[in-house]
Each structure stands twice: as structure tokens, then as C-alpha cells.
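Under the working numbering, residues 39 to 146 are what the sequence shown spells out, in order.
A short worksheet on the structure shown next.
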Amino acid sequence: MLVEKREHPTGAVLLTIHGEIDAATSPALERRLRDYSGTTDRVVLDLREVTFLSVHAITMLTTTHTHAASRGTALQLIIGRGSPVERALLVTDRLHPSPLAITITDER
Numbered sequence: 039m040l041v042e043k044r045e046h047p048t049g050a051v052l053l054t055i056h057g058e059i060d061a062a063t064s065p066a067l068e069r070r071l072r073d074y075s076g077t078t079d080r081v082v083l084d085l086r087e088v089t090f091l092s093v094h095a096i097t098m099l100t101t102t103h104t105h106a107a108s109r110g111t112a113l114q115l116i117i118g119r120g121s122p123v124e125r126a127l128l129v130t131d132r133l134h135p136s137p138l139a140i141t142i143t144d145e146r
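Following this line, the structure appears as C-alpha cells:
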């Protein structure tokens, strides 16, 4: 997993994730997301380049979202339509309805 940090046009922290998010890589991402909790209004996770999203990672995203929200930080996900991330969220019934703020796009 590779994480690129940039500033989102809205001023939020933008993290673009490449590769797999699984039980081995999600703890590092969780630590990074928790570090931003309470320090910014919003963290945007661009998951369009993610090739695999495990159930463990989905649970981590949900609990991290709750942690961030309790500290005043919104967590937003950007996913590609038909992507491995969208399929994983559909299979685990976490897409609709979801506690996560998810934007589905056809753009890459």
C-alpha cells in the first residue's frame, strides 16, 4: 500500500491510496487517519487506485470514521464505480446505507 498526501481543493487533507488495504496494511493507515482526527475538519480518502479492500479494512474504516467524527473530523471516501472497493462494500452490505460519506465516481 502506498499513501500520497496532498491538499484537497477545499483545504481538507487528501490521501490517495494505491494497492491493497488488508489486515497487514490497514493498521498503518488507521494510525495515520487517527493522527488527523481533531486536527482538520475533513480527511478525504481517494480509494480509486485501491486494488483490494478486505473485510478487516472495511471494519477499520468504519471505526476510524466514528473516532474521527467524535473529534470533529469528517472522513470522506472517493471510490470508482465498478471498482474493487465498490464491490467489497456491496458484498459486505456497507455501501447503502453506510455510516461513511462515500462519493462514487466514473472519473479516474
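Virtual Cβ for every residue (Gly too), placed ideally from N, Cα, C.
Source: prediction; values computed, not measured.
Between the segment 47-65 and the segment 85-95, do at least 3 Cβ pairs fall closer than 8 angstroms?
The answer is yes - the segment 85-95 touches the segment 47-65, with three or more Cβ pairs under 8 angstroms.
Among V51, L128, A50, whose alpha-carbon lies nearest the alpha-carbon of R119?
Minimum Cα distance to R119 is reached at L128.
First and last residue of the beta strand (DSSP E) that includes T141?
Segment 139-143, the beta strand (DSSP E) holding T141.
Expressed to the nearest angstrom, what Euclidean distance is found between the alpha-carbon atoms of L67 and E145?
As the crow flies, the alpha-carbon of L67 is around 24 angstroms from that of E145.
Leaving out the 5 sequence neighbours to the left and right, which residues in its chain are closer than 6 angstroms to R80 when beta-carbon positions are compared?
Correct list, in chain order: A50, A112.
For D84, is the classification buried or exposed, using 16 other Cβ atoms within 10 angstroms of its Cβ as the cut-off for buried?
With 16 or more neighbouring CB atoms inside 10 Å of its own CB, D84 falls in the buried class.
Assign R44 to one of two classes, buried (16 or more other C-beta atoms within 10 Å of its C-beta) or exposed (fewer than that).
Per the 10 Å Cβ criterion, exposed.
For A66, three-class secondary structure by DSSP:
Helix, per DSSP.
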